[in-house]
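Inspection log for the structure reproduced underneath, given as C-alpha cells.
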Amino acid sequence: MNLLALYCTHQTTSLAVRERLAFATSERLVTGYAAMKQRFPDTEIVILSTCNRVELYVARRSDAEPMTPPMLAQFLSEFHDLPLDDFVGELRAATGSEAVRHLFEVISSLDSMVLGEPQIVNQVREAYRVAEAQGACGPMIHALFQGAIRTSSRVRTETRLAEGKVSIASVAVGDFAKSIFDHFDDKLVLVIGAGEMAEETLRYLKDEGVREIVVVNRSPERAQRVAAEWGGRAVPWSELNTWLGQADVIVSTTGADKPIVDASLFKQVRAAAAGRTAFILDLGAPRDFDTNVGDLNDVFLYDIDSLKKTCEANRKARVREIDKARKLIDEEAAKFMAEYYHRASGEVVSRLMQDWHAVSKDELDRLFHKLPDLNEKDREQIERTVERIVNKLLHPPLEALKVEAREGTPHGLINALKRLFRI
Amino acid sequence: MLKTSVFCFLASYVLAFACELGQFRWRHALARIVSLLMAVAGLIAHTFYLLYRSNQSDLPPLLSSAHDWLLVVAWLAVLVYLFVSLAEGELGIGLVMWPVVLLLVVSAQYVTAAPSHVLDYHRNWKLLHATLLMLGTTFVLLGFVLSLLYLWQHRRLKQRQTQSRAIKLPNLELIERLNRWTILAAVPLQTLGIASGFGLSIFSKGGELAMTWTDPVVIGGAVTCLLMGVLFVWLLIQKRSPGRQVALLTAWACGFLLVTLIGLQMLTAAVGMRSIHGNASAPAAVATEGQAP
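These protein sequence lines map, in sequence, to chains A and B.
Just so we're aligned: the first sequence equals residues 1043 to 1465 in the working numbering.
Just so we're aligned: the second sequence equals residues 61 to 353 in the working numbering.
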C-alpha cells in the first residue's frame, strides 16, 4: 500500500509551529492543493488543517515511486516559506496500515484535545470534500476516507466516547438548565459580570433559543461589548436587584471578593416572582452567591465545584471507552486492509486468468484450423477440456494468493506472480 | 384458542420492570428492546384476558366487576407507558409507572371478580358512570406518576447529581405543565363519574342499585374526590405556585385517592361487606384464568 500520512498535532507540536504550517484560509488551501498537484502528479492528496492539527494524506498506485516524509516536509517548507529546521523535528509520519489507523483514530476523536468531541468528524469530512472538489482524490483516498467516516460512526454509536458533556458551561446548560426548563425562548437571562465562561455559557443558551439577555457589569463598556456581541442589552449596575427579581437564568462571573447576593436579599427581590423557578450559575471564584441561596424554594444554584464533579465524571466515563473504541478501530482498519489487499490481488487474478485463457483460445483456434473436419460437438468438448485444464493449473497459485490476502500483505506473492507470468 | 391468565401478563410486566431497573447497571439497547417487547407481550395477554372475561360475563370489562375495572385502568396505564416510551425512549417513566401498574394488577386479585347481575337496568348510565370514573382514575394515576417524577428530578437538581446516562427524567417545566393538565382533567371526570353514580342510585331508588350511605366505596370515593376538588380549585386560583409544592400535593392527593379506592374495594371483598360495587362472593384470585377467543 502506497499511503503516507505526515502530521503535526496538539500532542506533538506547539501552537507556534502549528499555526505556521496551517492552511488557515480556504484560498490558502486551494493554493496548497494546486501546488501539491503540480509538484506530485498522479498523487491522491487530502489536507486536513484545523486549529489542533495539520495533516497531509498522500497515496499513489502501488507500482509508483513511494512518497516519503522528506519530500512532503520539503514541500511544506517551500510552500509556507519556512526553514525546514524550524519544524521538521516536530513532524510525525505513518505509512500503510499505520496511516490508516491514524486517520481512523483522528476521526473517532481519540486524538482530539477534548476526547470524544464531535467537531473533528465534520472537519475531516470537509477536508475530504475540499480534496474531492480540487480533483485531488482517487480510488485509494475515496476508500480510505469512506472507511474513516464509517469507523467514526461505529465508534460513536457503539461506544460512549462522545457521551456526557465535559465543559462547565455545557454541563450547566445541557445537564442542569435543560432539566429545569422545557424551552428557553421565553426565558430572561441575566449575566452579571462579563467573564469568558459567561460568554461560553451564553453561546450554549443561545443555541437553546434564548432571546432576551440582560448584561449587568460594573464597567458599562464591558457590559455594552458583551450585550452587543450576544444580542442583549446592557443595564447599569444599580439595576441589579430589579433584574435579579425577574430573571429565569442568572449567570454570574464577577470578580467580587465576597458574595454579592445572599438568601435574604434574593428572597426579597424575588418576592414579586414567587413560584417562578430561577437557575443560577455562579461561575465566580470566590462565589458571587451565598450558598444558602440554593436552599430557597425553586432556586437551583450551581457553582464551579458542583459542575466540575459532573465534568470529571463524564470525562472519566469517556476515558473508560477508549479501549473499546480502539478495538473497533482495529477491527475497521483490519477490514479496510483486507478489502484493499483483496482488490489488489483481484487485479492480478483477473489479469492472469485473462492471459491464460487468451493463450488457450489462440491455441484452440490454431488446432481447429488444422482439423476442419471436427464437428460442433467435438469442438465444444475440446474447448471445455482445455478450459478445465487452465482452471486446474491456475487454481493452486490463485488459492495461495487469496489465502495470503486474507491473512495480511500479499505483496511478495503478487510480485512473484507478476514476474513469473509477466503480468 | 390462546390461553391467558393474570399470571401471563403480570410476569411480562415484572420482567419489563426488571429490564428498566437493569438499565441502571447495564445500559444496552437490547435491555430496552426486551423491556418494550415484554410490555407489548403483556399488553396483548392483558387484552385477551379482558376480552375473554367480557365474553364470559357478556358485559363490557368496565361493568363486569371491580377486578376487571382495575385491570382496565392498568391496561390504560401500560398503553400510556408504551406510547411515551416509543415516542421518547430514554425517559425513565417506567421506573415509576411499572410499580403502579403492578400494584393495580396485584390488587385486582383481591377485589371481587363476580360479574354484577344488576346491570340490566340503566346499562348505558352505568357504563357512563364506570367510564368516567375509569378515565378520571387513569388521569389521577398519571398525575401521581408525574408528581413522583417531578420530585425525583427536583431532588436530583437540588443535590446537583449528574444525570444518569441510562435513564433520562423529563424537565421540571414539562412535568409541571402535564401535571396540572392531568389534575384539571381528572377532577371533572371524577366528579361527573360520582355524580352519575348518585344519579343512578336516585333513579333506581328501592331497586338493587340503591345506594346506602354506609357503602364504604361510595363514602371513600366522595371524600377523596372532594380532596381532589380542593386541589383543583387551588390550582385554578393560584397564578403561580411553587412546582415542588404542587407536585407534593398532587402526589399525596392522587396517592391517597388510589390507595382509598383500591383499599376500600379490597376491604369490601375481604370482609364481605355490602357494596353496590360488588361484594366478596367471588374472590378474583380463584377466577383469574381465562381462554382468549
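Just so it is clear, CB atoms sit at the ideal spot from N, CA and C, and this is done for glycine as well.
The structure presented is a predicted model; accordingly, all values stated were derived computationally and were not measured.
- Query: When you compare only the Cα positions, how much space is there between Y1344/A and E150/B?
  - Reply: 25 Å
- Message: Is there a C-beta anywhere in chain B that falls below 7 Å from the one on D1224/A?
- Response: yes
- Rounded C-alpha distance that separates E233/B from V1252/A: 16 Å
- Query: Could one say the Cβ of D1217/A lies closer than 7 Å to chain B's Cβ atoms, at least one of them?
  - Reply: yes
- Who are the neighbours of T1319/A on chain B, taking C-beta pairs under 8 Å? L232, E233, G303
- Item | Short CB-CB distance (under 7 Å) between E1342/A and chain B | The question names Glu, but residue 1342/A is Phe in the sequence shown. Closer than 7 Å to some Cβ of chain B, the Cβ of F1342/A qualifies, so yes.
- Would you call K1358/A buried or exposed, if buried means 16 or more other Cβ atoms sit within 10 Å of its Cβ? exposed
- Which of helix, strand or coil DSSP assigns to F69/B: helix
- Item | Rounded straight-line distance, which links the Cα of N1334/A to that of A1185/A | 59 Å
- To the nearest angstrom, report how far apart H1399/A and S1387/A are at their CA atoms. 18 Å
- Query: Skipping 5 residues on each side, what residues in its chain have a beta carbon closer than 7 Å to that of T1055/A?
  - Reply: E1132
- Item | Nearest-angstrom Cα separation, counted from K228/B out to S145/B | 11 Å
- What residues from chain B crowd round T1352/A, counting only those whose CB sits closer than 7 Å? T222
- Going along the chain, which residues of the stretch 1199-1210 of chain A sit with their C-beta nearer than 8 Å to a C-beta in chain B? R1202, E1205, G1206
- Would you please verify whether the beta carbon of L295/B is less than 7 Å from any beta carbon of chain A? no
- Task: Quick one: residues in its chain with C-beta nearer than 6 Å to the C-beta of V165/B, no 5 flanking neighbours on either side, listed in chain order?
- Result: L70, A134
- Task: Could you please tell me which residues of the stretch 197-217 of chain B, in chain order, have their CB closer than 7 Å to any CB of chain A?
- Result: Q213, L217
- Message: Could you compute how far the alpha carbon of H88/B sits from the alpha carbon of E1425/A?
- Response: 60 Å
- Query: With a Cβ-Cβ cutoff of 7 Å, do T1092/A and Q1165/A count as a contact?
  - Reply: yes
- CA-CA distance, V66/B and L193/B? 23 Å
- Item | For T1487/A, the three-state DSSP class (helix, strand or coil) | This structure cannot speak to residue 1487/A, because chain A is shown only from 1043 to 1465.
- Message: Using beta carbons (cut-off 7 Å, strictly below), is A1327/A in contact with chain B?
- Response: no
- Excluding the five sequence neighbours on either side, which residues of its own chain have a C-beta within less than 6 Å of the C-beta of L1232/A, listed in chain order? V1256, W1285, A1289, I1292
- Task: In angstroms with no decimal places, state the Cα-to-Cα distance between L208/B and I104/B.
- Result: 28 Å
- Task: Tell me whether V1361/A is buried or exposed, calling it buried when 16 or more other Cβ atoms sit within 10 Å of its Cβ.
- Result: exposed
- Say whether chain B places a C-beta atom closer than 7 Å to the C-beta of A1314/A. no
- Query: Counting Cβ pairs closer than 8 Å, one from the stretch 310-320 of chain B and one from the stretch 287-294 of chain B, do we hit at least three?
  - Reply: yes
- Task: With a threshold of 16 other CB atoms inside 10 Å of the CB of P230/B, please say whether the residue is buried or exposed.
- Result: buried
- Message: Please tell me whether I1364/A has its Cβ less than 7 Å away from any Cβ of chain B.
- Response: no
- Return the first residue and the last residue of the beta strand (DSSP E) that F1226/A is part of. Looking at the DSSP string, F1226/A is not in any beta strand (DSSP E), and its letter there is neither H nor E.
- Task: Just grab the DSSP bridge partners of V1258/A for me.
- Result: I1234/A, V1277/A
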